[in-house]
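Under our numbering, residues 46 to 190 are what the sequence shown spells out, in order.
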Amino acid sequence: MITVNNLDVQFGKRILFQDVNMKFTPGNCYGIIGANGAGKSTFLRVISKQLDPTRGTVSLGPGERLSVLSQDHFAFDEYTVMDTVLMGHTTLWEVMSEKNALYAKPDFSDADGIRVSELEEKFAEMEGWNAESDAAALLSGLGIT
46 MITVNNLDVQ FGKRILFQDV NMKFTPGNCY GIIGANGAGK STFLRVISKQ LDPTRGTVSL
106 GPGERLSVLS QDHFAFDEYT VMDTVLMGHT TLWEVMSEKN ALYAKPDFSD ADGIRVSELE
166 EKFAEMEGWN AESDAAALLS GLGIT
């Protein structure tokens with residue numbers, strides 16, 4: 046659940062939002078509509094903690110995290126849909142990428158082996174073995190197969 050409490054966003058004298066209070070609950074879909082320049086993207090940047098509000102808080106439920114897919118339509122052209130979804134869990138994606146790069150090295154050293162062991166431990170702690178099936182279930186729920 047995402048909870049927004051007493052949120053204000055102001056740029057100079059221009060007030061975009063004042064005293065916004067909302068709860069986004071699991072199992073629901075939400076849309077944000079408004080005219081160009083009304084602050085839709087700014088609101089999403091505040092919710093995703095890419096921008097600090099002037100006042101107020103945005104909080105997630107215990108153990109929850111928020112991922113954002115940017116509006117750059119070409120940023121992920123070289124990736125599969127599955128990889129793009131997995132990238133939403135930044136730490137897991139970084140661990141997977143480093144681990145795979147080390148395994149692909151033709152001159153795998155003892156130091157590489159130690160690092161891979163550390164990465165495998167992090168991967169397991171983040172339930173990385175379930176990540177692809179979880180992402181597939183998410184995509185299926187959105188009608189993407």
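Glycine included, C-beta positions come from ideal geometry on N, C-alpha and C.
Distance CB(residue i)-CB(residue j) smaller than 7 Å
i, j, result
"ASP53", "THR99", "yes"
"VAL91", "MET67", "no"
"LEU147", "ASP157", "yes"
"LEU12", "ILE47", "It is not possible to answer for residue 12, since the shown part of the chain is limited to 46 through 190."
"GLY133", "SER112", "yes"
"LYS85", "GLY76", "no"
Same chain, Cβ closer than 8 Å to residue i, neighbours up to 5 away in sequence not counted
i, result
"ASN168", "Checking the sequence, you will find Phe at residue 168 rather than Asn. Once the five neighbours on either side are set aside, the close Cβ partners of PHE168 are LEU137, VAL140, MET141, LYS144 and TRP174."
"ALA180", "MET127, VAL130 and LEU131"
"ASN51", "ASP64, VAL65, ASN66, ARG100, GLY101 and THR102"
"LYS150", "ASP157"
"SER93", "LEU111 and VAL113"
"ILE189", "VAL126"
Terminal residues of the alpha helix (DSSP H) in which residue i lies
i, result
"THR17", "The chain is shown only over 46 to 190; residue 17 falls outside these bounds and no answer can be derived."
For residue i, the first and last residue of its enclosing beta strand (DSSP E)
i, result
"MET67", "59 to 69"
"GLN55", "47 to 56"
Chain-order list of residues whose beta-carbon lies under 7 Å from that of residue i (same chain, five-residue window excluded)
i, result
"LEU183", "VAL130"
"LYS71", "In the sequence as presented, Lys is not what sits at residue 71; that position holds Pro. So the list reads MET46, once near-sequence residues are dropped."
Chain D contact for residue i (CB, 7 Å cutoff)
i, result
"PRO151", "Checking the listed chains, one finds no chain D in this structure; it contains a single protein chain."
Cβ-based neighbour list, residue i, same chain, cut-off 6 Å, excluding 5 preceding and 5 following
i, result
"LEU96", "ARG90"
"GLN55", "THR99"
Practice item. Examine the Cβ distances between the segment 97 to 111 and the segment 53 to 63 and report whether three or more of them are shorter than 8 Å. Key: Judged by Cβ distances under 8 Å, the segment 97 to 111 makes contact with the segment 53 to 63, as three or more pairs qualify.
Exercise for review: Could I get the ranges of all uninterrupted beta strand (DSSP E) runs contained in the segment 100 to 185, with 3 residues as the minimum, in chain order?
Suggested key: With a minimum length of 3 residues, the continuous beta strand (DSSP E) runs that stay inside the segment 100 to 185 are 100 to 105.
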